[in-house]
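Notes to accompany the following structure.
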Amino acid sequence: MTSHRQIMVQLAQAIQASEAVATYCYQHFGRALAINVGAYPDGVPDEKDAPFLWIHAADDENESVATDETFTVRMVVGGLVQGENGERKIERVVVQRTAAINGLTVNGGNEIVEDLRDMILAIVREARAGAYVTRIRREENDISHFPLEWAVIYVEYNEPEALT
217 MTSHRQIMVQ LAQAIQASEA VATYCYQHFG RALAINVGAY PDGVPDEKDA
267 PFLWIHAADD ENESVATDET FTVRMVVGGL VQGENGERKI ERVVVQRTAA
317 INGLTVNGGN EIVEDLRDMI LAIVREARAG AYVTRIRREE NDISHFPLEW
367 AVIYVEYNEP EALT
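Residue numbers (my numbering): 217 to 380.
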(Lines of atoms letter the chains of each structure in order from A and count residues from 1; the text may use other names and numbers.)
(Lines give C-alpha, C1' and ligand atoms only; values in the text may rest on other atoms or scores of the structure.)
Protein backbone atom coordinates (compact mmCIF):
# COMPACT_ATOMS: atom_id res chain seq x y z
CA MET A 1 0.00 0.00 0.00
CA THR A 2 1.28 3.48 -0.87
CA SER A 3 1.95 5.63 2.18
CA HIS A 4 -0.04 8.76 2.83
CA ARG A 5 3.16 10.81 2.46
CA GLN A 6 3.82 9.32 -1.00
CA ILE A 7 0.29 10.17 -2.12
CA MET A 8 0.68 13.77 -0.93
CA VAL A 9 4.05 14.05 -2.70
CA GLN A 10 2.62 12.67 -5.95
CA LEU A 11 -0.24 15.16 -5.69
CA ALA A 12 2.26 17.99 -5.10
CA GLN A 13 4.29 16.88 -8.14
CA ALA A 14 1.19 17.02 -10.36
CA ILE A 15 0.48 20.58 -9.20
CA GLN A 16 4.13 21.63 -9.49
CA ALA A 17 4.18 20.54 -13.14
CA SER A 18 1.29 22.85 -14.06
CA GLU A 19 2.42 25.71 -16.28
CA ALA A 20 -1.07 27.22 -15.98
CA VAL A 21 -0.71 27.48 -12.18
CA ALA A 22 2.77 29.03 -12.48
CA THR A 23 1.53 31.56 -15.05
CA TYR A 24 -1.55 32.46 -12.98
CA CYS A 25 0.58 32.95 -9.86
CA TYR A 26 3.11 35.12 -11.68
CA GLN A 27 0.30 37.21 -13.15
CA HIS A 28 -1.58 37.75 -9.86
CA PHE A 29 1.11 37.42 -7.18
CA GLY A 30 4.36 38.37 -8.92
CA ARG A 31 6.03 34.96 -8.63
CA ALA A 32 5.31 31.25 -9.07
CA LEU A 33 3.73 29.01 -6.42
CA ALA A 34 5.76 27.53 -3.53
CA ILE A 35 4.48 24.04 -2.73
CA ASN A 36 5.31 22.35 0.55
CA VAL A 37 4.30 18.89 1.77
CA GLY A 38 4.19 18.39 5.52
CA ALA A 39 5.59 20.67 8.19
CA TYR A 40 6.80 24.11 7.12
CA PRO A 41 10.37 24.84 8.23
CA ASP A 42 9.38 28.06 10.03
CA GLY A 43 5.98 26.99 11.36
CA VAL A 44 2.73 28.04 9.71
CA PRO A 45 3.28 29.69 6.29
CA ASP A 46 2.69 33.43 6.07
CA GLU A 47 3.20 36.46 3.83
CA LYS A 48 6.89 35.79 3.16
CA ASP A 49 6.02 32.37 1.69
CA ALA A 50 3.20 33.61 -0.58
CA PRO A 51 1.94 32.50 -2.93
CA PHE A 52 2.01 29.06 -1.38
CA LEU A 53 0.27 25.72 -1.30
CA TRP A 54 0.67 23.83 1.96
CA ILE A 55 -0.27 20.16 1.72
CA HIS A 56 -0.51 18.16 4.93
CA ALA A 57 -2.62 15.53 6.65
CA ALA A 58 -5.79 16.98 8.13
CA ASP A 59 -5.61 17.71 11.86
CA ASP A 60 -7.75 14.71 12.72
CA GLU A 61 -5.42 12.31 10.89
CA ASN A 62 -2.88 10.15 12.64
CA GLU A 63 0.09 10.10 10.27
CA SER A 64 1.73 7.25 12.18
CA VAL A 65 -1.08 4.98 11.01
CA ALA A 66 -0.23 5.05 7.32
CA THR A 67 -2.02 1.83 6.45
CA ASP A 68 -5.61 3.10 6.79
CA GLU A 69 -7.67 2.86 3.61
CA THR A 70 -9.02 6.40 3.96
CA PHE A 71 -7.37 9.64 4.93
CA THR A 72 -7.89 13.37 4.46
CA VAL A 73 -5.43 15.86 3.05
CA ARG A 74 -5.71 19.56 3.88
CA MET A 75 -4.40 21.99 1.29
CA VAL A 76 -4.02 25.68 2.18
CA VAL A 77 -3.63 28.14 -0.69
CA GLY A 78 -2.35 31.58 0.29
CA GLY A 79 -1.34 34.66 -1.62
CA LEU A 80 -0.58 38.36 -1.49
CA VAL A 81 -2.72 39.53 -4.36
CA GLN A 82 -1.46 42.12 -6.81
CA GLY A 83 -3.76 44.09 -9.06
CA GLU A 84 -2.92 45.16 -12.60
CA ASN A 85 -1.05 48.22 -11.31
CA GLY A 86 0.62 46.43 -8.38
CA GLU A 87 -2.04 47.46 -5.86
CA ARG A 88 -2.49 45.11 -2.89
CA LYS A 89 -6.06 45.86 -1.88
CA ILE A 90 -8.47 44.91 -4.63
CA GLU A 91 -12.11 45.85 -4.44
CA ARG A 92 -14.34 45.10 -7.40
CA VAL A 93 -17.14 47.66 -7.40
CA VAL A 94 -20.13 46.00 -9.03
CA VAL A 95 -22.58 48.86 -8.41
CA GLN A 96 -21.47 52.29 -7.24
CA ARG A 97 -23.47 53.45 -4.21
CA THR A 98 -25.35 56.67 -4.57
CA ALA A 99 -27.92 58.45 -2.43
CA ALA A 100 -30.71 56.50 -4.15
CA ILE A 101 -29.00 53.20 -5.18
CA ASN A 102 -27.54 50.49 -2.94
CA GLY A 103 -23.89 49.80 -3.66
CA LEU A 104 -22.20 46.43 -4.12
CA THR A 105 -18.47 45.80 -3.69
CA VAL A 106 -16.69 42.43 -3.79
CA ASN A 107 -13.30 41.67 -2.21
CA GLY A 108 -11.32 40.86 -5.34
CA GLY A 109 -8.34 39.48 -3.40
CA ASN A 110 -10.31 36.55 -2.05
CA GLU A 111 -11.73 35.93 -5.51
CA ILE A 112 -8.24 35.65 -7.05
CA VAL A 113 -7.01 33.24 -4.36
CA GLU A 114 -10.19 31.15 -4.65
CA ASP A 115 -9.72 30.96 -8.43
CA LEU A 116 -6.19 29.63 -7.85
CA ARG A 117 -7.60 27.15 -5.34
CA ASP A 118 -10.09 25.95 -7.96
CA MET A 119 -7.33 25.59 -10.59
CA ILE A 120 -5.45 23.40 -8.12
CA LEU A 121 -8.65 21.50 -7.38
CA ALA A 122 -8.99 20.60 -11.08
CA ILE A 123 -5.48 19.12 -10.95
CA VAL A 124 -6.36 17.21 -7.76
CA ARG A 125 -9.33 15.61 -9.51
CA GLU A 126 -7.15 14.41 -12.41
CA ALA A 127 -3.95 13.54 -10.54
CA ARG A 128 -2.98 9.90 -10.35
CA ALA A 129 -1.64 10.13 -6.82
CA GLY A 130 -2.10 6.48 -5.86
CA ALA A 131 -5.54 6.69 -4.24
CA TYR A 132 -9.12 7.52 -5.22
CA VAL A 133 -10.59 10.91 -4.38
CA THR A 134 -13.90 10.20 -2.62
CA ARG A 135 -14.85 13.66 -1.35
CA ILE A 136 -13.71 17.25 -1.76
CA ARG A 137 -14.67 20.12 0.51
CA ARG A 138 -13.76 23.77 -0.03
CA GLU A 139 -13.46 26.39 2.68
CA GLU A 140 -13.50 30.08 1.85
CA ASN A 141 -11.91 32.89 3.80
CA ASP A 142 -14.80 35.34 3.81
CA ILE A 143 -13.15 37.73 6.21
CA SER A 144 -10.01 39.28 4.76
CA HIS A 145 -6.74 38.73 6.59
CA PHE A 146 -5.11 41.46 4.53
CA PRO A 147 -2.54 41.35 3.10
CA LEU A 148 -2.58 37.51 3.08
CA GLU A 149 -5.67 35.99 1.49
CA TRP A 150 -6.22 32.23 1.77
CA ALA A 151 -8.56 29.38 0.88
CA VAL A 152 -8.58 25.69 1.86
CA ILE A 153 -9.30 22.35 0.19
CA TYR A 154 -9.98 19.13 2.09
CA VAL A 155 -9.50 16.04 -0.07
CA GLU A 156 -10.62 12.68 1.24
CA TYR A 157 -8.85 9.71 -0.32
CA ASN A 158 -9.66 6.03 -0.35
CA GLU A 159 -6.87 3.58 -1.05
CA PRO A 160 -8.30 0.07 -1.15
CA GLU A 161 -5.79 -2.75 -0.91
CA ALA A 162 -6.58 -3.77 -4.48
CA LEU A 163 -4.96 -0.61 -5.87
CA THR A 164 -1.44 -1.71 -4.99
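All residues carry an ideal CB built from backbone N, CA and C; glycine is no exception.
Distance from the CA of glutamine 232 to the CA of arginine 351, rounded to the nearest whole angstrom, comes to 22 Å.
Contact between the segment 333 to 342 and the segment 228 to 244 is present, with at least three C-beta pairs closer than 8 Å. Close CB contacts of alanine 248 within its chain, under the 7 Å cut and outside five residues either way in sequence, are with Ala238, Cys241 and Tyr242 (chain order).
Nearest to proline 363 by C-alpha distance, out of Met291, Gly324, Ala274 and Ile223, is Gly324. Ranking Val260, Ala347 and Ser219 by CA distance to the CA of valine 293 puts Val260 first. In this structure, the alpha-carbon of glutamate 330 lies about 33 Å from that of alanine 316.
Here the C-alpha atom of glutamine 226 lies approximately 5 Å from the C-alpha atom of alanine 345. Shown here, glutamate 372 sits in a strand according to DSSP, grouped into three states. Less than 9 Å separates the beta-carbon of isoleucine 369 from that of arginine 353. Under the 10 Å beta carbon count, leucine 332 is surrounded by 16 or more other beta carbons and is classified as buried. Secondary structure at arginine 333: helix, using DSSP grouped into helix, strand and coil. Here alanine 236 is exposed, its C-beta having fewer than 16 other C-beta atoms within 10 Å. When secondary structure is reduced to three states using DSSP, isoleucine 317 falls in the coil class, being assigned neither helix nor strand. Secondary structure at threonine 288: strand, using DSSP grouped into helix, strand and coil. Non-local beta-carbon contacts of phenylalanine 245 in its own chain, meaning distances under 8 Å to residues more than five positions away in sequence, involve Ala266, Pro267, Gly295, Leu296, Val297 and Gln298 in chain order.
When DSSP assignments are scanned along the segment 252 to 278, no uninterrupted stretch of alpha helix (DSSP H) that is 4 or more residues long falls wholly within it.
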